[in-house]
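Each remark here refers to the structure printed beneath this line.
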Amino acid sequence: MKSILSKNQKYIFIIIAILICSLYLLSKFNYFNSKALPSSIGDPLELLIVKNSKNLDDNFFIKLNDLLTTDIGPAPQKENFLNLIEVYQEDFKGILQRHQNILIVSHNSKFNIRFKMDLFALDQLVIFVECPSIFALQKNKDQIIKLIQKIKSIEIKRLSRKFKQYTSKSINEQVENTHNILITPPKDFFLAYSDSTITWIRRETPKISQGIFLSNLASNKLIQSQNNIISIIDSIIKPHIFGPVDGSYMKSENDAVIKLDSIKVNDFLGVRIQSLWRMENDFMGGIFTAYYLTLKSTSSPLLIYTYLYAPGERKNVSLLQLEAIISTLSQSK
Numbered sequence: 070m071k072s073i074l075s076k077n078q079k080y081i082f083i084i085i086a087i088l089i090c091s092l093y094l095l096s097k098f099n100y101f102n103s104k105a106l107p108s109s110i111g112d113p114l115e116l117l118i119v120k121n122s123k124n125l126d127d128n129f130f131i132k133l134n135d136l137l138t139t140d141i142g143p144a145p146q147k148e149n150f151l152n153l154i155e156v157y158q159e160d161f162k163g164i165l166q167r168h169q170n171i172l173i174v175s176h177n178s179k180f181n182i183r184f185k186m187d188l189f190a191l192d193q194l195v196i197f198v199e200c201p202s203i204f205a206l207q208k209n210k211d212q213i214i215k216l217i218q219k220i221k222s223i224e225i226k227r228l229s230r231k232f233k234q235y236t237s238k239s240i241n242e243q244v245e246n247t248h249n250i251l252i253t254p255p256k257d258f259f260l261a262y263s264d265s266t267i268t269w270i271r272r273e274t275p276k277i278s279q280g281i282f283l284s285n286l287a288s289n290k291l292i293q294s295q296n297n298i299i300s301i302i303d304s305i306i307k308p309h310i311f312g313p314v315d316g317s318y319m320k321s322e323n324d325a326v327i328k329l330d331s332i333k334v335n336d337f338l339g340v341r342i343q344s345l346w347r348m349e350n351d352f353m354g355g356i357f358t359a360y361y362l363t364l365k366s367t368s369s370p371l372l373i374y375t376y377l378y379a380p381g382e383r384k385n386v387s388l389l390q391l392e393a394i395i396s397t398l399s400q401s402k
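Residue numbers (my numbering): 70 to 402.
Here it is as structure tokens:
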């Protein structure tokens, strides 16, 4: 009888322990559920700067804005990469706290930068900058300038996640079969042209036109100079991308500034070149970004040519969208 009671007691203790754990987990769930964060808001590449003017004067924030102001690169008209919005600390409340990119500036005896995700809202980046003076700000200007790339990186991740949620299966299959790669453009892109070595997809709205042109290159199509890659690009797009006027076709703008960078996109290595395009025998023009990429496992390079036509519109977000699509690039398995 004694051993039976001991066994029953064990069962009772186990049941009590399970109940206690369940109640604890339920209370934690209710607590976190009651504290659920709202979704972040705001346009891509917008940065809300929260100013504490108690110990930092207007000249400090003028300098800060100057350091955070960089252009989008070669473009028909100069355009800043970030859209900066300022608000004083005492006004930073309510819906403003839900902005997706926030920079909170405060006075401190030492310069410091730290990052916090999902502080006031979901999918939110909050940057804290502590600084004693405008002289310290100038001394640490490189760290401030790096914030631009940090914001860009976060924005690309946000966009690429969204694109993967509503991508075009038929385009994905076309690209994989032709180029042996995976890429996930959103569904509003459509197939404009394809053959055994080329895929051209487009997105058209009343205000902008975006295109992505992929071409398998022969192994002897190697980059020898900046002009060489421009010649390769022009020779490939000329027979395929035409303007609305008979005899018009897309080509690189001869006198435009060219920005050339080494790049790594997941497993791919190569160069990225940004410059301007125009329609020969027409008046259309815009920005292009081309990627000359190779894999270690293959000697055949891949050319990805993206272009934007957006007359009279801001171009920073549209260019970012194209770059976010390229960021989804990976080798087909």
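By construction, the Cβ of each residue, glycine as well, lies at the ideal position given by its N, Cα and C atoms.
Residue state for Glu-273 is assigned as strand, using DSSP reduced to three classes. Taking 7 Å as the cut-off, the Cβ atoms of Ser-344 and Ile-327 count as close.
Burial state of Asn-350 is exposed, judged by a 10 Å Cβ sphere holding fewer than 16 other Cβ atoms. Taking a 10 Å sphere around the C-beta of Glu-159, we find fewer than 16 other C-beta atoms and assign the residue as exposed. Residue environment: Met-186 is assigned as exposed (fewer than 16 neighbouring CB atoms within 10 Å of its CB, all protein chains considered). Take the alpha-carbon of Thr-138 and the one of Ile-277: they are about 25 Å apart. In the three-state scheme derived from DSSP, where H, G and I count as helix and E and B as strand, Asn-128 is classed as helix.
The beta-bridge partner set that DSSP reports for Ile-154 consists of Leu-117. By the criterion of a C-beta distance shorter than 8 Å, Lys-233 is surrounded in its chain by Thr-253, Thr-397, once the five residues flanking it on both sides are discounted. Taking C-beta separations shorter than 8 Å and ignoring five residues to either side along the sequence, the partners of Trp-269 in its chain run Leu-260, Ala-261, Tyr-262, Ser-263, Gly-280, Ile-281, Phe-282, Leu-283, His-309, Ile-310, following chain order. Secondary structure note for Ile-302: its alpha helix (DSSP H) is the uninterrupted segment 295-306.
With contact defined as three or more Cβ pairs closer than 8 Å, the stretch 138-148 and the stretch 171-184 are not in contact. Taking 8 Å as the upper bound for CB-CB distance, Gln-166 and Phe-189 are in contact here, some 4 Å apart.
In the three-state DSSP reduction, Gly-339 falls in the strand class (E or B). If you ignore the 5 residues before and after Ala-205, its C-beta comes within less than 8 Å of the C-beta of Phe-180, all in its own chain and listed in chain order.
If you draw a straight line from the Cα of Arg-383 to the Cα of Glu-392, it is about 16 Å long.
Closest by C-alpha distance to Thr-375, out of Asp-192, Asn-246, Arg-341, Ile-217, is Arg-341. For Asp-330, the enclosing beta strand (DSSP E) starts and ends at 328-334.
Taken through DSSP and simplified to helix, strand or coil, Val-314 comes out as coil. Residue pairing by DSSP puts Leu-372 in a beta bridge opposite Ser-284, Tyr-361. Phe-357 sits buried, since 16 or more C-beta atoms from the chains shown fall within 10 Å of its C-beta. Annotated three-state conformation of Gly-163 is helix, per DSSP.
Taking every protein chain shown into account, the CB of Gln-390 has 16 or more other CB atoms within 10 angstroms, so this residue is buried. A Cβ-Cβ distance of about 7 Å is found for the pair Trp-346 and Lys-320, placing them in contact under the 8 Å criterion. Counting the other CB atoms within 10 Å of its CB gives Lys-120 a total of 16 or more, which places it among the buried residues. CA-to-CA, the gap between Leu-151 and Asp-112 works out to about 11 Å. The C-alpha of Leu-116 is placed about 16 Å away from the C-alpha of Lys-132.
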